[in-house]
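Top to bottom, those sequences are chains A and B.
Counting from 1, position 371 in the first sequence corresponds to residue 375 in this note's numbering; the numbering is continuous, with no gaps.
Counting from 1, position 77 in the second sequence corresponds to residue 82 in this note's numbering; the numbering is continuous, with no gaps.
C-beta: ideal position from N, C-alpha, C; glycine also.
Treat the numbers as computed from the prediction; the structure is a model and nothing was measured.
Each remark here refers to the structure printed beneath this line.
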Amino acid sequence: MLHSERRSLIRFLVIYLTSTFLLFSIASWVYYTSSKHHLLDKQRELLKYEAQQIQSQLRILHRSEAKKLIYPKIKQVDSAIYDLDKHYIFGTYTPPISLEKRHDKKRLFHLVRIEPYYLGAAYLLVSRPIDFAPIEQLQKHILLFMALAGILFSILGYFLGKLFIEPMRNAMKQMNRFIQDTTHELNTPISTILANIEMIETFGKCKESRAELDRISIASRTLSRIYEDLTYLNLNHDYHRTVVSVNMCELIEERLNYFSAMIEAKKLEIDTDIHTDITLSIDRNDAIRLIDNLLSNAIKYNRIHGNLFLEITQNMFLLRDTGIGIAPKDLTTVLQRFKRANSSEGGFGIGLDIVDQIVRYYGFEFQMTSKENEGTEVIVIWKK
Amino acid sequence: MEKIILIGFYLLNSSLSAQEVHTVENTLEKDCLSCHREQQIPSSLLYKRYLMTYSTKARMEEAMFDYLKDPKKENSIMPSQFFLKFPMKKRSLLDNATLHKDIQNYLKEFDIRKKLLIFNSQ
Numbered sequence: 005m006l007h008s009e010r011r012s013l014i015r016f017l018v019i020y021l022t023s024t025f026l027l028f029s030i031a032s033w034v035y036y037t038s039s040k041h042h043l044l045d046k047q048r049e050l051l052k053y054e055a056q057q058i059q060s061q062l063r064i065l066h067r068s069e070a071k072k073l074i075y076p077k078i079k080q081v082d083s084a085i086y087d088l089d090k091h092y093i094f095g096t097y098t099p100p101i102s103l104e105k106r107h108d109k110k111r112l113f114h115l116v117r118i119e120p121y122y123l124g125a126a127y128l129l130v131s132r133p134i135d136f137a138p139i140e141q142l143q144k145h146i147l148l149f150m151a152l153a154g155i156l157f158s159i160l161g162y163f164l165g166k167l168f169i170e171p172m173r174n175a176m177k178q179m180n181r182f183i184q185d186t187t188h189e190l191n192t193p194i195s196t197i198l199a200n201i202e203m204i205e206t207f208g209k210c211k212e213s214r215a216e217l218d219r220i221s222i223a224s225r226t227l228s229r230i231y232e233d234l235t236y237l238n239l240n241h242d243y244h245r246t247v248v249s250v251n252m253c254e255l256i257e258e259r260l261n262y263f264s265a266m267i268e269a270k271k272l273e274i275d276t277d278i279h280t281d282i283t284l285s286i287d288r289n290d291a292i293r294l295i296d297n298l299l300s301n302a303i304k305y306n307r308i309h310g311n312l313f314l315e316i317t318q319n320m321f322l323l324r325d326t327g328i329g330i331a332p333k334d335l336t337t338v339l340q341r342f343k344r345a346n347s348s349e350g351g352f353g354i355g356l357d358i359v360d361q362i363v364r365y366y367g368f369e370f371q372m373t374s375k376e377n378e379g380t381e382v383i384v385i386w387k388k
Numbered sequence: 006m007e008k009i010i011l012i013g014f015y016l017l018n019s020s021l022s023a024q025e026v027h028t029v030e031n032t033l034e035k036d037c038l039s040c041h042r043e044q045q046i047p048s049s050l051l052y053k054r055y056l057m058t059y060s061t062k063a064r065m066e067e068a069m070f071d072y073l074k075d076p077k078k079e080n081s082i083m084p085s086q087f088f089l090k091f092p093m094k095k096r097s098l099l100d101n102a103t104l105h106k107d108i109q110n111y112l113k114e115f116d117i118r119k120k121l122l123i124f125n126s127q
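Put into structure tokens, the structure is as follows:
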């Protein structure tokens, strides 16, 4: 699975599962609250029956002629009687402050109106401890249901996600295949052109058309680099890197030489501060793509007779040009694929994306500062 | 010497308080209960009738006062048939304050709270 596909799938799953979870949580909460009330109501029905028993005993007590009246008591049930003004008369427990309370955290309450007022009682408040066993059972059932629903919807979401990204995957496959075919078809003519230019240069033929030959050479090398970039992007996900110790000084000299025709065409002045024997553990092709894309931009967007400054130390590589620069608003997005801050020159906007990928892969740090119409400075730091 | 005076003062005070309680009881006894007993009117049953009808002390006191000041079938706690057999009580000649005091003492005397208790099996 491609990185972008995985990212899309993860995003889809996160949104899908979060919304499903929220929906189920709300539904479960509503169900739990209603079922809990139902369970409490069932327990309250029992309490009502017990209240009736106490009420009938109050009637008997009221008629009793005994000197001492034993207040009725039922196991686990507490009760208290109140007069018409809701003042406490007598009871088996300390009554709550509010008579209207239906339940608290531990107990259920039931208030009964009594008439006539046996023993002066106009209200009877009965209370019993809440039986938490069925409520805990209900909680367990809901949690189990949520867990099972979570598993089921995760599996469903995964397959749905795969189903949804299938068209995107096919489109990407087709595009990759097209790029692969195109680049493959481009490779042979470009190589032929470059080989022939080298032969002409080697054998000193066609001296009178030197300028035209140089332009053909530049155009062919540009094409060749685009081919290399496209191949790199296309194979990036399954590209096997061979990390070796690369002499960066030699590599930069080699790449400057590669771009010499473009540099000459722009009549750029090159200043370098290159320390000797600087090596870096990197795949050689990655290093070439990194240097080439930065150099190519610095040359392409530089002005005629501009300046190009290169510095390479043990820790970093710095490249400064005197080109058109990048607007501040574009500085943050310029690393994205197909993003182009300026369309004055040719290209697909994939160069800095490749740079960004390489920098992130090796854990380097990339800094870019720019001022419009003054120039751009890029720094790649590989050792801290 | 001071101790003797203090003890003397305490004894005098205690005797006065006891006498006051005794006087209050005597007033209730004299003004109400003695007559009730004589006419075989069960005071505790009357109290229960009032209690069952009016519930609170304040309401009971008000109802008793109204009846004693102006006894008639409408404000009596007894059913109307009762008066077919027994004559209507004469209105009380006691002054309002005394009558209130007597009623309060009556309610205190027969207060249902005093009779109620919780039976603990343990």
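| Check | Outcome |
| --- | --- |
| Min CB distance A/Ile93 to chain B below 8 Å | yes |
| Contacting residues, own chain, Cβ-Cβ under 8 Å from B/Cys37 (five flanking each side not counted) | Ser48, Asp107, Tyr111 |
| Nearest neighbour of B/Leu121, chosen from A/Ile159, A/Ala55, A/Val384, A/His66 [CA to CA] | A/His66 |
| Under 7 Å by beta carbon: chain A residues contacting B/Lys53 | His66 |
| Length-filtered (4 minimum) alpha helix (DSSP H) runs lying within the region 276-330 of chain A | 288-304 |
| Proximity winner among A/Ser300, A/Phe28, A/Val81, relative to A/Thr96 (alpha-carbon distances) | A/Val81 |
| DSSP bridge partner residues for A/His114 (one or two, in chain order) | A/Val130 |
| Helix, strand or coil at A/Ile385 according to DSSP, with G and I counted as helix | strand |
| Start and end residues, alpha helix (DSSP H) containing A/Ile261 | Position check: residue 261 of chain A holds Asn in this sequence, whereas Ile was assumed. 252-262 is the extent of the alpha helix (DSSP H) around A/Asn261. |
| Spatially closest choice to A/Met266 from A/Asp87, A/Leu299, A/Leu255, by CA coordinates | A/Leu299 |
| Sequence-distant residues of the same chain with beta carbon closer than 8 Å to A/Asp218, five excluded per side | Ala265, Glu268, Ala269 |
| Rounded C-alpha distance that separates B/Val26 from B/Glu66 | Any reading at B/Val26 needs caution, since the residue's pLDDT is 46, under 50, leaving its predicted position unreliable; the model's value is listed next. Looking at the two C-alpha atoms, the distance is approximately 20 Å. |
| Nearest-angstrom Cα separation, counted from A/Asn297 out to A/Thr283 | 20 Å |
| Boundaries (first-last residue) of the alpha helix (DSSP H) holding A/Thr186 | 137-207 |
| Closer than 8 Å to chain B by CB, A/Leu88 | yes |
| A/Leu227 versus A/Ile194 - alpha carbon distance | 7 Å |
| Residue environment, A/Phe263, which counts as buried when at least 16 other CB atoms sit within 10 Å | buried |
| Min CB distance B/Met120 to chain A below 8 Å | Note on residue identity: the sequence assigns Lys, not Met, to residue 120 of chain B. Chain A contact via Cβ: present. |
| Of the listed residues A/Glu369, A/Thr24, A/Arg106, nearest to A/Leu294 (C-alpha basis) | A/Glu369 |
| DSSP three-state assignment for B/Val26, whether helix, strand or coil | The predicted position of B/Val26 is uncertain, since its pLDDT is 46 and thus under 50; no value can be drawn from it. |
| Where the beta strand (DSSP E) through A/Thr373 begins and ends | 369-375 |
| Residues of its chain near A/Gln59, where Cβ-Cβ distance is below 7 Å and the 5 sequence neighbours each way are ignored | Val116, Ile118, Leu128 |
| Option in B/Tyr59, B/Asn80, B/Leu73, B/Tyr52 with minimal Cα separation from B/Leu99 | B/Leu73 |
| Residue of B/Thr58, B/Leu104, B/Met83 minimising C-alpha distance to A/Ala126 | B/Thr58 |
| Strand pairing of A/Val81, partner residues [DSSP] | A/Ile78 |
| Between the CA atoms of A/Asp135 and A/Lys110 - distance to the nearest angstrom | 9 Å |
| Under 8 Å between C-beta atoms of A/Met252 and A/Ile316 | yes |
| Identified DSSP bridge partners for B/Phe70 | Per DSSP, none; premise fails for B/Phe70. |
| Under 8 Å between C-beta atoms of A/Pro257 and A/Asn311 | For the sequence presented, residue 257 of chain A should be read as Glu rather than Pro. Contact flag unset, no. |
| Inter-residue Cα distance where the pair is A/Phe149 and A/Tyr20 | 18 Å |
| Assigned secondary structure, B/Lys119 (DSSP; H/G/I helix, E/B strand, else coil) | helix |
| Beta-bridge pairing of A/Phe25 - partner residues as DSSP gives them | None, per the DSSP bridge assignment. |
| Touching by the beta-carbon criterion (3+ pairs, under 8 Å), the region 150-170 of chain A and the region 20-39 of chain A | yes |
| DSSP three-state assignment for B/Phe87, whether helix, strand or coil | helix |
| Burial state of B/Pro84 (16 or more Cβ within 10 Å) | exposed |
| Assigned secondary structure, A/Phe16 (DSSP; H/G/I helix, E/B strand, else coil) | helix |
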